[in-house]
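S.K.: This is the structure, below, for whatever I ask next.
Residue numbers (our numbering): 179 to 499.
Okay, structure coming up:
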């Protein structure tokens, strides 16, 4: 199998063969790549200098940031059901849509207006928040804002607003009953129902059954990494920690978050000074990125994990379409 990696030194392609995993650098040499997506022969890579595109498997790259007002790209995603529908999340917090493979991007000005009105922020940066997670279900789109809350679009991304259970106030105190903690790191919607949401936040894992109108805390922790099994609605994998980058581990629920079991296999956890940053399944195999850039791969069910490609520091992983 083949995967693409956004690393601290450019874009890489990794392959699994008889002798294990091997990687080769594809381009954007020396540039920290924050995120990437690949589909229909086109690779889009997010960096701190905007979006770059390759249409020849990474042999050559060109700038593809026309219309993006903020050069720091925190996340890229594409709609799973619509060709040429890409979304970029930026720092400071902004949402930009492209429907031409990255040739041009259109800002969603209501997101910037909310950012300025509510004073979104980041504890580690002078910028006004960031958009670092996205989820799609038909014409419904969701975006995770750190530190700001959960955004929702009901018209295919034309307009965004805060969900009813997210007031957008960037506070680190306990949210009001029924509201989500505003330090949102990732958002996931289940393919069975656009109203079934999970949010990974600095205050725990939150669940909504009504499209974000109300929320319930399912696991009190600090969490960034979240994965929903698209085939089994009750199966969830996440990477809880005691605090930022401290005592991280992997846990799994098979009953919709009611109970949790250790899912780190033979790894020595908790990691005292690191935590899971991202989880993804590609071609039936699970991957976990730690916040120190280490990459782990697992069996399809995530029953056991191994460290792979130790010479690379990874920020994101994608299928190599």
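The beta-carbon is built from N, C-alpha and C at its ideal position, and this holds for glycine as well. In this text the structure is predicted, and so the values were computed from the model without any measurement.
Among the candidates 467, 477, 430 and 459, whose CA atom is the shortest distance from the CA of residue 498?
M.R.: In the chain shown, the residue the question calls residue 498 occupies position 320. For residue 498, the nearest C-alpha among the options comes from 459.
S.K.: Pull up the CB-CB distance for residue 365 and residue 403, whole angstroms please, since I reckon it's below 8 Å.
M.R.: Working through the chain shown from its first residue, we reach residue 365 at position 187. Working through the chain shown from its first residue, we reach residue 403 at position 225. About 13 Å separates the two Cβ atoms, so there is no contact after all.
S.K.: Can you tell me where the alpha helix (DSSP H) with residue 418 in it begins and where it stops?
M.R.: In the chain shown, residue 418 corresponds to position 240, counting from 1. Boundaries for residue 418: no alpha helix (DSSP H) harbours it, while the beta strand (DSSP E) harbouring it runs 414 to 419, taken from the DSSP string.
S.K.: Excluding the 5 residues preceding and the 5 following residue 368 in the sequence, name in chain order all residues of the same chain whose CB lies nearer than 7 Å to its CB.
M.R.: As a first step, residue 368 must be located in the chain shown, where it is residue number 190. Excluding residues within five positions, the ones whose Cβ falls inside 7 Å are 374, 406 and 411.
S.K.: Could you spell out the range, first to last residue, of the beta strand (DSSP E) harbouring residue 296?
M.R.: Stepping through the chain shown from its first residue, residue 296 is reached at position 118. Run containing residue 296: none in the beta strand (DSSP E); it sits in the alpha helix (DSSP H), 287 to 296.
S.K.: State the beta-bridge partners of residue 382 as determined by DSSP.
M.R.: The residue labelled residue 382 in the question sits at position 204 within the chain shown. Note: residue 382 sits in a beta bridge opposite 379.
S.K.: Beta strand (DSSP E) containing residue 224: first to last residue?
M.R.: Numbered from its first residue, the chain shown carries residue 224 at position 46. Its beta strand (DSSP E) spans residues 220 to 225.
S.K.: Could you spell out the range, first to last residue, of the beta strand (DSSP E) harbouring residue 217?
M.R.: As a working note, residue 217 is residue 39 in the chain shown. It spans 211 to 217 - the beta strand (DSSP E) in which residue 217 sits, taken as one unbroken run.
S.K.: If the criterion is Cβ atoms closer than 7 Å, does the pair residue 310 and residue 320 meet it?
M.R.: As a working mapping, residue 310 is identified with position 132 in the chain shown. As a working mapping, residue 320 is identified with position 142 in the chain shown. Their beta carbons are not under 7 Å apart, which means residue 310 does not touch residue 320 by this criterion.
S.K.: For the candidate residues 253, 266, 189 and 360, whose alpha-carbon lies nearest to that of residue 235?
M.R.: As a first step, residue 235 must be located in the chain shown, where it is residue number 57. Ranking the options by Cα distance to residue 235, first place goes to 189.
S.K.: Could you please give the first and the last residue of the uninterrupted beta strand (DSSP E) stretch that includes residue 493?
M.R.: For this step, residue 493 is matched to residue 315 along the chain shown. Here the beta strand (DSSP E) through residue 493 covers 492 to 497.
S.K.: Near residue 304, which residues of its chain fall below 8 Å by C-beta distance, leaving aside the five closest residues on each side in sequence?
M.R.: Residue numbering aside, residue 304 sits at position 126 when the chain shown is read from its first letter. If we look at residue 304 and ignore the five residues flanking it on each side, it has no Cβ neighbours.
S.K.: Quick check on DSSP: helix, strand or coil for residue 237?
M.R.: Indexing the chain shown from 1 puts residue 237 at position 59. Three-state DSSP puts residue 237 in coil, outside helix and strand.
S.K.: Is the region 254 to 269 in contact with the region 372 to 388, if contact means three or more CB pairs nearer than 8 Å?
M.R.: Between the region 254 to 269 and the region 372 to 388 there are fewer than three C-beta pairs closer than 8 Å, too few to call the two in contact.
S.K.: How many Å lie between residue 277 and residue 335 at the Cα?
M.R.: Against the chain shown, residue 277 aligns to sequence position 99. Against the chain shown, residue 335 aligns to sequence position 157. Cα to Cα, residue 277 sits roughly 11 Å from residue 335.
S.K.: At 3 residues or longer, and completely inside the region 256 to 328: list those beta strand (DSSP E) runs for me, N to C.
M.R.: 264 to 269, 272 to 276, 308 to 315 and 318 to 324
S.K.: Going by other Cβ atoms of all chains shown within 10 Å of its Cβ, with 16 needed for buried, is residue 469 buried or exposed?
M.R.: Looking up residue 469 in the chain shown gives position 291. Buried is the call here.
S.K.: So who's on the other strand from residue 438, going by DSSP bridges?
M.R.: Taking the first residue of the chain shown as 1, we reach residue 438 at position 260. Beta-bridge pairing links residue 438 to no other residue.
S.K.: Check residue 466 in the structure and name its three-state DSSP category.
M.R.: Position 288 of the chain shown, counted from the start, is the residue given in the question as residue 466. The answer is strand: DSSP assigns residue 466 an E or B state.
S.K.: Pick out whichever of 281, 251, 312 and 349 has its Cα sitting closest to the Cα of residue 242.
M.R.: As a working mapping, residue 242 is identified with position 64 in the chain shown. Residue 242 has its Cα closest to that of 281, out of 281, 251, 312 and 349.
S.K.: Is it buried or exposed for residue 324, if we count other Cβ within 10 angstroms and need 16 for buried?
M.R.: Against the chain shown, residue 324 aligns to sequence position 146. Buried is the call here.
S.K.: Go through its chain and collect everything with a Cβ distance to residue 179's Cβ below 8 Å, but skip five positions before and after it.
M.R.: For the purposes of this step, residue 179 is taken as residue 1 along the chain shown, with counting starting at 1. So the list reads 193, 194, 460, 461 and 463, once near-sequence residues are dropped.
S.K.: Whose C-beta lies closer than 7 Å to the C-beta of residue 271 among residues of the same chain, with five residues either side of it excluded?
M.R.: As a working note, residue 271 is residue 93 in the chain shown. 289, 293, 298, 306, 307, 308, 309, 323 and 326, listed in sequence order.
S.K.: In terms of residues, what are the limits of the beta strand (DSSP E) holding residue 406?
M.R.: As a position in the chain shown, residue 406 is number 228, starting the count at 1. Residue range 400 to 406 is occupied by the beta strand (DSSP E) that includes residue 406.
S.K.: Could you check whether the Cβ of residue 344 sits closer than 6 Å to any heavy atom belonging to the ligand PLP?
M.R.: The ligand content of the structure shown is nil, which means the ligand PLP is not present either.
S.K.: Are residue 260 and residue 212 touching if we call contact CB-CB under 7 Å?
M.R.: One-based indexing of the chain shown puts residue 260 at position 82. One-based indexing of the chain shown puts residue 212 at position 34. Not closer than 7 Å, so no.
S.K.: Provide the residue(s) that pair with residue 247 in DSSP beta bridges, ordered along the chain.
M.R.: The residue given as residue 247 occupies position 69 in the chain shown. In the DSSP output, where bridge partners are listed per residue, residue 247 has none listed.
S.K.: Distance, Cα to Cα, residue 291 vs residue 346?
M.R.: Sequence index remark: in the chain shown, residue 291 carries index 113 (1-based). Sequence index remark: in the chain shown, residue 346 carries index 168 (1-based). Inter-residue distance for residue 291 and residue 346 is about 12 Å (C-alpha atoms, whole angstroms).
S.K.: Which same chain residues, not among the five before or five after residue 181, have their C-beta less than 6 Å away from its C-beta?
M.R.: Counted from its first residue, the chain shown places residue 181 at position 3. Cβ within range, chain order: 192, 460, 495 and 498.
S.K.: Residue 206 to residue 295, Cα distance in whole Å?
M.R.: In the chain shown, residue 206 corresponds to position 28, counting from 1. In the chain shown, residue 295 corresponds to position 117, counting from 1. Looking at the two C-alpha atoms, the distance is approximately 36 Å.
S.K.: Would you call the CB atoms of residue 263 and residue 246 closer than 7 Å?
M.R.: Counting from 1 along the chain shown, the entry for residue 263 is found at position 85. Counting from 1 along the chain shown, the entry for residue 246 is found at position 68. No, these two residues do not count as a Cβ contact at 7 Å.
S.K.: Please check the pair residue 361 and residue 379, which I expect to be a contact at CB under 8 Å, by giving their CB distance rounded to whole angstroms.
M.R.: Within the chain shown, the letter at position 183 stands for residue 361. Within the chain shown, the letter at position 201 stands for residue 379. Indeed, because the Cβ distance is near 5 Å, the residues count as touching under 8 Å.
S.K.: In whole angstroms, give me the CA-to-CA distance for residue 416 and residue 184.
M.R.: Here residue 416 is taken as the residue at index 238 of the chain shown, counted from 1. Here residue 184 is taken as the residue at index 6 of the chain shown, counted from 1. Near 21 Å, if we compare the C-alpha coordinates of residue 184 and residue 416.
S.K.: To which residues does DSSP link residue 431 through a beta bridge?
M.R.: Within the chain shown, residue 431 is the residue found at index 253, counting from 1. Per DSSP, 414.
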